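Student:
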Amino acid sequence: MNFLVLTPLTADLLPEAVALDQQCLGGLWTLEGYQRELNSPNSDLLVLQPQREVGTSSEPLIGIACLWAILEEAHITVLAIAPQYQRQGLGQAMLCALLTSAHQRGLEWATLEVRSSNGGAIALYQKFGFEEVGKRRNYYQDGNQSEDALILWRKGLQHPEFAQTLRGWQETVSLQLRRSGWQLLSPVL
Ligand SMILES: CC(C)(COP(=O)(O)OP(=O)(O)OC[C@H]1O[C@@H](n2cnc3c(N)ncnc32)[C@H](O)[C@@H]1OP(=O)(O)O)[C@@H](O)C(=O)NCCC(=O)NCCS
Numbered sequence: 747m748n749f750l751v752l753t754p755l756t757a758d759l760l761p762e763a764v765a766l767d768q769q770c771l772g773g774l775w776t777l778e779g780y781q782r783e784l785n786s787p788n789s790d791l792l793v794l795q796p797q798r799e800v801g802t803s804s805e806p807l808i809g810i811a812c813l814w815a816i817l818e819e820a821h822i823t824v825l826a827i828a829p830q831y832q833r834q835g836l837g838q839a840m841l842c843a844l845l846t847s848a849h850q851r852g853l854e855w856a857t858l859e860v861r862s863s864n865g866g867a868i869a870l871y872q873k874f875g876f877e878e879v880g881k882r883r884n885y886y887q888d889g890n891q892s893e894d895a896l897i898l899w900r901k902g903l904q905h906p907e908f909a910q911t912l913r914g915w916q917e918t919v920s921l922q923l924r925r926s927g928w929q930l931l932s933p934v935l
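So that you can map any letter, position 112 of the sequence shown is 858 in my numbering, and since no number is skipped, the others follow by simple counting.
Take a look at the structure:
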């Protein structure tokens with residue numbers, strides 16, 4: 747069993763966060779961009795690190811996720827898992843942690859944009875109740891190519907039954923992590 751620590755990003759891990767961003771997201775934010783998030787009370791920026799044994803020093807970052815609290819909305823701006831660690835339930839663990847935080851902050855809805863070709867991410871968001879509510883045409887510009895962004899929306903974060911929904915997800919996430927040989931140590935979930 748390998749252990750996982752899911753915690754807010756700290757300044758010492760900024761270079762690793764930028765490296766992971768470059769690897770998984772093609773350089774979405776710079777070091778200054780991540781630094782700004784550290785200082786923002788409206789931002790939750792979480793990182794995931796493996797630990798071989800409880801209490802030992804953590805290994806390099808393998809996941810990063812961020813939300814911005816804007817009015818009643820949780821804008822999910824970053825979600826990425828290092829390629830060699832994908833399909834083990836880690837992405838859903840991080841998304842679940844963001845939605846837990848959004849709920850605790852009293853936010854009503856979660857929203858995000860995703861490339862229309864990113865079927866894996868879309869499937870992940872749908873598992874957590876996100877629905878497509880619109881499209882931004884040619885939102886992503888890659889050289890002379892462009893791609894639409896789907897706008898996804900998850901409502902009901904303050905509905906009375908949502909706390910129960912979160913508990914169900916947390917159990918499912920823990921189970922899937924255990925099946926993949928991981929145990930989450932941190933208190934975020
Ligand atoms: C999207 C991403 C974060 C998913 O992380 P992950 O750790 O691989 O996801 P999980 O293992 O938790 O997957 C949970 C569920 O999501 C769906 N899913 C995730 N990746 C998938 C893929 N490549 N193909 C199909 N379904 C996928 C599945 O339903 C999966 O459940 P299952 O494994 O029981 O079938 C990861 O692929 C990633 O970092 N991609 C690059 C960055 C990115 O595109 N981020 C999203 C930007 S909006």
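Backbone N, C-alpha and C define an ideal beta-carbon position, used for all residues, glycine too. Fair warning: this is a prediction, and the values are worked out from it, not measured in the lab.
Quick one: what's L930 bridged to in DSSP?
Tutor: L750
Student: Less than 7 Å separating the Cβ of N864 from some heavy atom of ligand 1?
Tutor: yes
Student: With contact counted as at least three CB pairs below 8 Å, one residue from each stretch, are the region 797–813 and the region 758–767 in contact?
Tutor: yes
Student: Would you mind reading off the limits of the alpha helix (DSSP H) that contains S920?
Tutor: F908 to R925
Student: Cα separation between Q916 and E893?
Tutor: Cα to Cα, the separation comes out at about 33 Å.
Student: Taking contact to mean 3 or more Cβ pairs, one atom from each stretch, closer than 8 Å, check whether the region 877–895 and the region 823–842 are in contact.
Tutor: no
Student: Under the criterion of a Cβ to heavy atom distance below 7 Å, does Q916 qualify as lining ligand 3?
Tutor: Absence of ligand 3 is noted for the structure shown, with ligand 1 being the only ligands found.
Student: T857 and W899 look like a contact to me (Cβ under 8 Å); what is the Cβ gap, rounded to whole Å?
Tutor: Correct: roughly 5 Å between the Cβ atoms.
Student: I need the DSSP call for P787, collapsed to helix, strand or coil.
Tutor: The DSSP-derived three-state label of P787 is coil.
Student: Would you please state the rounded distance, in angstroms, between the beta carbons of W775 and Q834? I believe it to be under 8 Å.
Tutor: The pair is not a contact, with the Cβ atoms about 25 Å apart (cut-off 8 Å).
Student: Going by Cα to Cα distance, which pick from A757, I897 and L771 is closest to E877?
Tutor: I897
Student: If you measure between the beta carbons of L777 and L760, is that distance less than 8 Å?
Tutor: Against a cut-off of 8 Å, the Cβ pair of L760 and L777 comes out as a contact.
Student: State the DSSP-derived secondary structure class of K873, mapped to helix, strand or coil.
Tutor: Helix at K873.
Student: Flag I827 as yes when its Cβ comes closer than 7 Å to any non-hydrogen atom of ligand 1, and as no otherwise.
Tutor: yes
Student: Could you tell me the alpha carbon to alpha carbon distance between F874 and A909, rounded to whole angstroms?
Tutor: Taking the straight line from one Cα to the other gives about 13 Å.
Student: In angstroms, rounded to a whole number, what distance separates the CA positions of L870 and Q838?
Tutor: 7 Å
Student: Which value, in whole angstroms, describes the spacing of the CA atoms of L755 and L784?
Tutor: 7 Å
Student: Restricting to Cα atoms, I'd like to know which of S862, L841, L836 and A867 is closest to L750.
Tutor: L836
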